Each structure stands twice: as C-alpha cells, then as structure tokens.
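**Student:**
Numbering (this note's numbering), first residue to last: 1154 to 1390.
#1: Which word fits residue 1254, buried or exposed, when buried means at least 16 other C-beta atoms lie within 10 angstroms of its C-beta?
#2: Residue 1261 to residue 1376, Cα distance in whole Å?
#3: Just to confirm the assignment, what range does the alpha helix (DSSP H) spanning residue 1266 have?
#4: Sorted by chain position, which residues of the same chain lie with C-beta nearer than 7 angstroms to residue 1275's C-beta, five sequence neighbours on each side aside?
#5: Would DSSP call residue 1211 helix, strand or coil?
#6: What residues are listed by DSSP as bridge partners for residue 1246?
#7: According to DSSP, what are the bridge partners of residue 1336?
#8: Would you call residue 1234 buried or exposed, if buried means 16 or more other Cβ atoms sit within 10 Å of its Cβ?
#9: Alpha carbon to alpha carbon, how far is residue 1337 from residue 1271? Give it in angstroms, no decimals.
#10: Put residue 1322 into one of helix, strand or coil per three-state DSSP.
#11: Are the CB atoms of residue 1294 and residue 1310 within a distance shorter than 8 angstroms?
#12: Helix, strand or coil: which one does DSSP assign to residue 1162?
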C-alpha cells in the first residue's frame, strides 16, 4: 500500500535506522516542515519536562547494551529509537549535495542512531590516541561519501573497514547520556581502556610532568604513548 496521496504528498523511506521525508512543502527550503511531517520523534515542546538518562555499553566499538541490559542489535536500536524519540532526539533538516550534482532538501529522523553516534564518539574520545582520533575523522567523511554514492562493493570501502576495525579494538566501556528536549549531554564515561590519566591531566600534577624539564617538547610528544602503555599494562595484569 502506498501511503502518499494528494493530501499526504511526502515521499518517505523508512528502515530500522531512520525515516526520511521529502517532497511537498519541503521542496522549498524556505518552508518549515509541518508538525505532521515527523513520525518517530516528538517536538521539544511535546517531550518530557525532566531529563532522561540512558547508559550505552560497547564492546570493541559494537553497541551491546542499554541501561546495563544486553540486547541483540535489532532490539537495541528499536529501544533507542523509542527513548530518543520521546525526548525529541534525532531530527535533521538539511540541504544535501546529490551524486548527480543537484541539491535537495530532506528531513530525517534517526533517534536511536543519534544516541549511538553521540555515545560512541565520547568513548572514542576517551580511548583513542590523538593521531588515530584525528585521522579517523577524515576516514569517516570519505566512508560516508562512498556509501552515499553507492560504492559499497569497492576495494577502498574494504580497506577503510580494515582501518576502522583496527581502531575499535579498545573501544569498550559505557557512556551515560542525559536527554532533554532534543539536547544530549554526557553524564559519565567509563572504560578500562581509558587513556585519560588524572596524574597527567591534573593542574596539580606534582612530579608527573616537570614543566622545567629541558626536554619538555619531547615529553609532550610522548605523552600519548606513555599513557597507552601504562593503561595496557594495567589491563594485562
């Protein structure tokens, strides 16, 4: 059954991850989407007046639990869609550059995906060393472009997958988010692979970092490796 009609003229595509809305009044970027456009998410005005906290667990970069409860991938995304949707999380209204060179405007809803990306980024910020984290940002843009342009079955996509998989070996831990009327804030970050060390980051570091050291610049360059080595040694005990 085709849902579109003369009264409901939006073109929609929906899967587990998202729903997209195009056509109708959305073809003019000067028009705001109608309230009836949105199907998975509440508006901020309709969402609860108190925040809701959700804890996401990851193992080697893969989401495995919500609020300490282990779930299969489909159930996990479905639950996060519900949680994010009722808190006005995951609405996107954008003008995009299509493969053929034209611009188009669409509205998207991906409440569960938005929560997963937010939590995963926070965990990576805790566990990835600087150079890997910075380079991965470039890889992410290229990867998204490949997929958008239909280049899934290509050697480059496979090579990028290998890089991403290597970066995820220590992305294990939990992130707690606070959701409030479309906003996401971080409450807690926990991982046994965390590279964050209070003795190196504190403003009262004592002897951990000697600011008068003549080789200070070299010491700064070596901090990520030192932190990683000490964390790895503790995990392997």
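Glycine included, each C-beta is placed from N, C-alpha and C at the ideal position.
The structure presented is a predicted model; accordingly, all values stated were derived computationally and were not measured.
**Tutor:** Checking against the coordinates, here is how it stands:
#1: exposed
#2: 41 angstroms
#3: 1264–1280
#4: 1328, 1339 and 1342
#5: strand
#6: 1260
#7: 1333
#8: buried
#9: 8 angstroms
#10: coil
#11: no
#12: coil
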